[in-house]
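Participant: Okay, handing you the structure first.
2 protein chains.
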Amino acid sequence: MGQIIKGKPVADAISQTLTKEVENLKVKGITPKLTLVRVGANGSDLAYERGALKRCSKIGIEAAVKELPEDVTQDRFVDELKKINEDKSVNGVMVFRPFPGQLDENVIKYIIAPEKDVDCFSPVNVAKVMEKDKTGFAPCTPSAVIEILKHYKIPVQGKRAVIIGRSMIVGKPMAMLLLNKNATVTICHSKTVDMPKICSEADILVVAIGRAKMIDSKYVKDGAVVVDVGINIDENGRICGDVNTEDCQPKTSMITPVPAGVGSVTSSILAQHIVKACKLQNNL
Amino acid sequence: MGQIIKGKPVADAISQTLTKEVENLKVKGITPKLTLVRVGANGSDLAYERGALKRCSKIGIEAAVKELPEDVTQDRFVDELKKINEDKSVNGVMVFRPFPGQLDENVIKYIIAPEKDVDCFSPVNVAKVMEKDKTGFAPCTPSAVIEILKHYKIPVQGKRAVIIGRSMIVGKPMAMLLLNKNATVTICHSKTVDMPKICSEADILVVAIGRAKMIDSKYVKDGAVVVDVGINIDENGRICGDVNTEDCQPKTSMITPVPAGVGSVTSSILAQHIVKACKLQNNL
Chain H
0 MGQIIKGKPV
10 ADAISQTLTK
20 EVENLKVKGI
30 TPKLTLVRVG
40 ANGSDLAYER
50 GALKRCSKIG
60 IEAAVKELPE
70 DVTQDRFVDE
80 LKKINEDKSV
90 NGVMVFRPFP
100 GQLDENVIKY
110 IIAPEKDVDC
120 FSPVNVAKVM
130 EKDKTGFAPC
140 TPSAVIEILK
150 HYKIPVQGKR
160 AVIIGRSMIV
170 GKPMAMLLLN
180 KNATVTICHS
190 KTVDMPKICS
200 EADILVVAIG
210 RAKMIDSKYV
220 KDGAVVVDVG
230 INIDENGRIC
240 GDVNTEDCQP
250 KTSMITPVPA
260 GVGSVTSSIL
270 AQHIVKACKL
280 QNNL
Chain E
0 MGQIIKGKPV
10 ADAISQTLTK
20 EVENLKVKGI
30 TPKLTLVRVG
40 ANGSDLAYER
50 GALKRCSKIG
60 IEAAVKELPE
70 DVTQDRFVDE
80 LKKINEDKSV
90 NGVMVFRPFP
100 GQLDENVIKY
110 IIAPEKDVDC
120 FSPVNVAKVM
130 EKDKTGFAPC
140 TPSAVIEILK
150 HYKIPVQGKR
160 AVIIGRSMIV
170 GKPMAMLLLN
180 KNATVTICHS
190 KTVDMPKICS
200 EADILVVAIG
210 RAKMIDSKYV
220 KDGAVVVDVG
230 INIDENGRIC
240 GDVNTEDCQP
250 KTSMITPVPA
260 GVGSVTSSIL
270 AQHIVKACKL
280 QNNL
């Protein structure tokens, strides 16, 4: 029976390290600061924001929210982002997406200062993730998966990792991060033929497909580690992942739950990236 | 016995299409132009340059070479590149790499204008390849592989593609391009365990490992398509690929030779990218 590996111990360990780092920075007169840029006020953005603000405050990171009206124009949005870019007191910026229709993501992503772009919105950071350039910022979710694997001492080098999903916020950067850790990486997606067979070759299976409980034990090799990145609502209105945990758990060696898995690590990763940005900006 | 699929017919077909496109552009008063930037004069750069100039001339693309001395300073190099960026008559720029030690690739890659960067040196193009943004330019070699697959009507969607090698000029962008064509993609490398087994799951095996004739029939599934990206010198001083072609050919359905395979398509891809850049810059 696979061990359920929760996110909280990982988040706590990261936060503890960061708290010390921030203390040391404050001794030098430096306080890391995040600005969250939010358009409108939808529930999932607000929920993420609450978590991020709480985490930052616990660690000693300053955080501010720039809320813009739902009908903000592209020009106004760009101006606000440029002001934040130029504000030397701000080390990290996270922009909530998706945007309302009047805002062009393909323009805005080139505006955000890459060195403050703590969630990999800028193409410069996308390229850095692919190039294994450690001055870059990967998106928080795949970074959280890497931290979970590290925390639970799950070997990655030379292992077969299969990722289901090829989005720019999880699948593709996840593939690059696992490749950077020397896994042999396979990317599956909606056009993959015989997915259960391919997935059941995986030592590490990362699922980011966005469909409630789709992955059952047929997809899982005996002894595999399964990481569930999905966040969905099941037929009873409860939060669930992309993995049918009860069915898979007996075959796995370790499996992350939903909720209380990957999702509970992302705000610590955000904090980690802000501290990293702050140190890089101060040549520390 | 697998069919030997040569590069020349692919290059010829691309060139033919481009020649017509360039004729049409010239009617509009537009002549696509490439500038090659070369530092020093090493043999392999000069060989590539001759091929590129010949191909461009045949198609009707103007081409110039900016030769800089082996000891050019970073400042001078950056100045020259900026001049080319600003020169509206130049549509495409290719910079020979690797650079001599005094030039910092990590600085220069941010200087080249992404819209003229026809061989994916700029991080903006790296990101566009990953994002499947069609206004970007993938590196010429993996693009050549895609054109070969297309020319010989090799199905890619839903097929298992395995790439050996994870460089920024072949392996990683190759993975993204095959993923964009809906293949299920696996990336192998020096730390991969049991590579023959993994490779022999591939319908399409792309080899870019840089070791003469390393890949033999143990790596090949019956009926697979094998694409050899390697260029090495064998023990008799002859050019050879990364694949032991004689050993593999009987098991394959199709296999590219070296020489006369992928390498003979890259200059046509370069030309294709110049024409694309020219059209994008002229809003055509």
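Each protein sequence line maps, in turn, to chains H and E.
If you read the first sequence in numbering that gives the first Met the number 0, its first letter stands for residue 0, the second for the next number, and so on.
If you read the second sequence in numbering that gives the first Met the number 0, its first letter stands for residue 0, the second for the next number, and so on.
Glycine residues also receive a C-beta, built at the ideal position from the N, C-alpha and C atoms.
Please report how far the alpha carbon of Val-219 (chain E) lies from the alpha carbon of Ala-63 (chain H), in whole angstroms.
Facilitator: Mapped onto the second sequence, residue 219 (chain E) falls at position 220. Mapped onto the first sequence, residue 63 (chain H) falls at position 64. Rounded to whole angstroms, Val-219 (chain E) to Ala-63 (chain H) spans 56 angstroms at the Cα level.
Participant: What number of angstroms, rounded off, separates the C-alpha of Val-206 (chain H) from the C-alpha of Asn-282 (chain E)?
Facilitator: Within the first sequence, the letter at position 207 stands for residue 206 (chain H). Within the second sequence, the letter at position 283 stands for residue 282 (chain E). Cα-Cα distance, rounded: 41 angstroms.
Participant: Straight-line CA distance for Arg-37 (chain H) to Leu-80 (chain H)?
Facilitator: Within the first sequence, the letter at position 38 stands for residue 37 (chain H). Within the first sequence, the letter at position 81 stands for residue 80 (chain H). Spanning the two alpha carbons is a distance of roughly 11 angstroms.
Participant: Pull up the distance between the alpha-carbon of Cys-277 (chain E) and that of Glu-22 (chain E), whole angstroms please.
Facilitator: Against the second sequence, residue 277 (chain E) aligns to sequence position 278. Against the second sequence, residue 22 (chain E) aligns to sequence position 23. Going from the Cα of Cys-277 (chain E) to the Cα of Glu-22 (chain E) covers about 13 angstroms.
Participant: I need the DSSP call for Leu-283 (chain H), collapsed to helix, strand or coil.
Facilitator: Numbered from its first residue, the first sequence carries residue 283 (chain H) at position 284. Correct three-state label for Leu-283 (chain H): coil.
Participant: Which residues bound the alpha helix (DSSP H) around Lys-127 (chain H)?
Facilitator: Reading the first sequence from its first residue, position 128 is the one you call residue 127 (chain H). Counting along the chain, the alpha helix (DSSP H) containing Lys-127 (chain H) begins and ends at 122-130.
Participant: Using a beta-carbon distance cut-off of less than 9 angstroms, what residues from the stretch 150-161 of chain E approach chain H?
Facilitator: Within the stretch 150-161 of chain E, the qualifying residues are Gln-156, Gly-157, Lys-158, Arg-159, Val-161.
Participant: Below 8 angstroms on the Cβ atoms is my contact criterion, and I expect Val-224 (chain H) with Ala-182 (chain H) to pass it. Report the Cβ-Cβ distance as a whole number of Å.
Facilitator: The sequence position of residue 224 (chain H) within the first sequence is 225, counting from 1. The sequence position of residue 182 (chain H) within the first sequence is 183, counting from 1. Wrong, their Cβ atoms sit about 11 angstroms apart, outside the cutoff.
Participant: Specify, as a first and last residue, the run of the alpha helix (DSSP H) that Glu-85 (chain E) falls within.
Facilitator: Here residue 85 (chain E) refers to the residue found at position 86 when the second sequence is read from its first residue. It spans 73-85 - the alpha helix (DSSP H) in which Glu-85 (chain E) sits, taken as one unbroken run.
Participant: Anything in the stretch 165-193 of chain E with a Cβ closer than 7 angstroms to a Cβ of chain H? List those residues in chain order, please.
Facilitator: Correct list: Arg-165, Met-167, Lys-171, Leu-178, Asn-181, Thr-183, Val-184, Thr-185, Ile-186, Cys-187, Lys-190, Thr-191, Val-192.
Participant: Smallest Cα separation from Pro-8 (chain H): which of H:Val-226, H:Ser-166, H:Glu-146, H:Asp-227?
Facilitator: As a working note, residue 8 (chain H) is residue 9 in the first sequence. Considering only alpha carbons, the answer is H:Glu-146.
Participant: Any beta carbon from chain E within less than 8 angstroms of Ile-197 (chain H)'s own beta carbon?
Facilitator: Here the question's residue 197 (chain H) lines up with position 198 in the first sequence. Yes, Ile-197 (chain H) counts as interfacial toward chain E.
Participant: Output the residue ranges of the alpha helix (DSSP H) runs that lie fully inside the stretch 31-67 of chain E and measure 4 residues or longer, sorted by chain position.
Facilitator: Entirely contained in the stretch 31-67 of chain E, the alpha helix (DSSP H) runs reaching 4 residues are, in chain order, 42-58.
Participant: Mind pulling the chain H residues with CB within less than 8 angstroms of Glu-130 (chain E)?
Facilitator: If you number the second sequence from 1, residue 130 (chain E) lands on position 131. Those are Pro-122, Val-125, Met-167, listed as they occur along chain H.
Participant: Can you name, in chain order, every residue of its own chain whose Cβ lies under 8 angstroms from the Cβ of Arg-96 (chain E), other than the five neighbours on each side?
Facilitator: For the purposes of this step, residue 96 (chain E) is taken as the residue at position 97 of the second sequence. The residues are Glu-104, Phe-120.
Participant: Tell me Cys-187 (chain H)'s beta-bridge partners as DSSP assigns them.
Facilitator: Here residue 187 (chain H) refers to the residue found at position 188 when the first sequence is read from its first residue. H:Ile-163, per the DSSP bridge assignment.
Participant: Have a look at H:Ile-203, H:Pro-138, H:Met-129, H:Val-274 and flag the residue whose alpha-carbon is nearest the alpha-carbon of Met-299 (chain E).
Facilitator: Summary: the structure shown does not reach residue 299 (chain E), with chain E confined to residues 0 through 283, and so no result is reported for it.
Participant: Please look up how many angstroms separate the CB atoms of Asp-202 (chain H) and Arg-159 (chain H), rounded, as I've assumed it's under 8 angstroms.
Facilitator: For the purposes of this step, residue 202 (chain H) is identified with residue 203 of the first sequence, where counting begins at 1. For the purposes of this step, residue 159 (chain H) is identified with residue 160 of the first sequence, where counting begins at 1. Right, the Cβ-Cβ distance comes to about 5 angstroms (below 8 angstroms), so this counts as a contact.
Participant: Among residues of its own chain, excluding the 5 on either side of Ile-186 (chain E), which ones have a beta-carbon nearer than 6 angstroms to its beta-carbon?
Facilitator: For the purposes of this step, residue 186 (chain E) is taken as residue 187 along the second sequence, with counting starting at 1. Ile-162, Arg-165, Ala-174.
Participant: Alpha carbon to alpha carbon, how far is Gly-222 (chain E) from Lys-190 (chain E)?
Facilitator: Taking the second sequence and counting its residues from 1, one reaches residue 222 (chain E) at position 223. Taking the second sequence and counting its residues from 1, one reaches residue 190 (chain E) at position 191. Going from the Cα of Gly-222 (chain E) to the Cα of Lys-190 (chain E) covers about 27 angstroms.
Participant: May I ask you to report which of helix, strand or coil DSSP gives Val-224 (chain E)?
Facilitator: Stepping through the second sequence from its first residue, residue 224 (chain E) is reached at position 225. Reduced to three states, the DSSP call for Val-224 (chain E) is strand.
Participant: What does Cys-239 (chain E) pair with, by DSSP beta-bridge criteria?
Facilitator: What you label residue 239 (chain E) is simply residue 240 of the second sequence in a count that begins at 1. DSSP output for Cys-239 (chain E) lists E:Asn-231 as bridge partner(s).
Participant: Can you name the start and end residues of the alpha helix (DSSP H) that Met-175 (chain E) belongs to?
Facilitator: Sequence index remark: in the second sequence, residue 175 (chain E) carries index 176 (1-based). 170-179 is the span of the alpha helix (DSSP H), which, as asked, contains Met-175 (chain E).
Participant: From what residue to what residue does the beta strand (DSSP E) around Met-93 (chain E) run?
Facilitator: For this step, residue 93 (chain E) is matched to residue 94 along the second sequence. Element bounds for Met-93 (chain E): 91-94.
Participant: I believe Ile-214 (chain H) touches Asn-235 (chain H) by the beta-carbon criterion, under 8 angstroms. Please report the beta-carbon distance rounded to the nearest angstrom.
Facilitator: In the first sequence, counting from the first residue as 1, residue 214 (chain H) sits at position 215. In the first sequence, counting from the first residue as 1, residue 235 (chain H) sits at position 236. Their Cβ separation, rounded to whole angstroms, is 19 angstroms, which puts Ile-214 (chain H) and Asn-235 (chain H) out of contact at 8 angstroms.
Participant: What residue range does the beta strand (DSSP E) around Ile-145 (chain H) cover?
Facilitator: Along the first sequence, one-based indexing puts residue 145 (chain H) at 146. It is not in any beta strand (DSSP E) - Ile-145 (chain H) instead sits in the alpha helix (DSSP H) that spans 139-150.
Participant: Evaluate Ala-40 (chain H) with the Cβ neighbour count: other Cβ atoms within 10 Å of its Cβ, from every protein chain shown; 16 or more gives buried, anything less gives exposed.
Facilitator: The count along the first sequence starts at 1 and reaches residue 40 (chain H) at position 41. By the neighbour-count rule (16 or more Cβ atoms within 10 Å), Ala-40 (chain H) is not buried but exposed.
Participant: Alpha carbon to alpha carbon, how far is Pro-256 (chain E) from Gly-6 (chain E)? Give it in angstroms, no decimals.
Facilitator: In the second sequence, residue 6 (chain E) corresponds to position 7, counting from 1. In the second sequence, residue 256 (chain E) corresponds to position 257, counting from 1. Whole-angstrom Cα-Cα distance: 8 angstroms.
Participant: Can you tell me which of the three DSSP states Gln-101 (chain H) falls into?
Facilitator: Against the first sequence, residue 101 (chain H) aligns to sequence position 102. The answer is coil: DSSP assigns Gln-101 (chain H) none of H, G, I, E or B.
Participant: Which whole runs of the beta strand (DSSP E) in the stretch 192-221 of chain H are 3 residues long or more, in chain order?
Facilitator: The stretch 192-221 of chain H contains these whole beta strand (DSSP E) runs: 203-206.
Participant: Could you check the C-alpha separation between Gly-135 (chain E) and Ser-263 (chain H) for me, to the nearest Å?
Facilitator: Position 136 of the second sequence holds residue 135 (chain E). Position 264 of the first sequence holds residue 263 (chain H). Roughly 36 angstroms separates the two Cα atoms.
Participant: What three-state label does DSSP hand Asp-118 (chain E) in the structure shown?
Facilitator: Residue 118 (chain E) sits at position 119 when you count from the first residue of the second sequence. DSSP places Asp-118 (chain E) in coil when its eight states are reduced to three.
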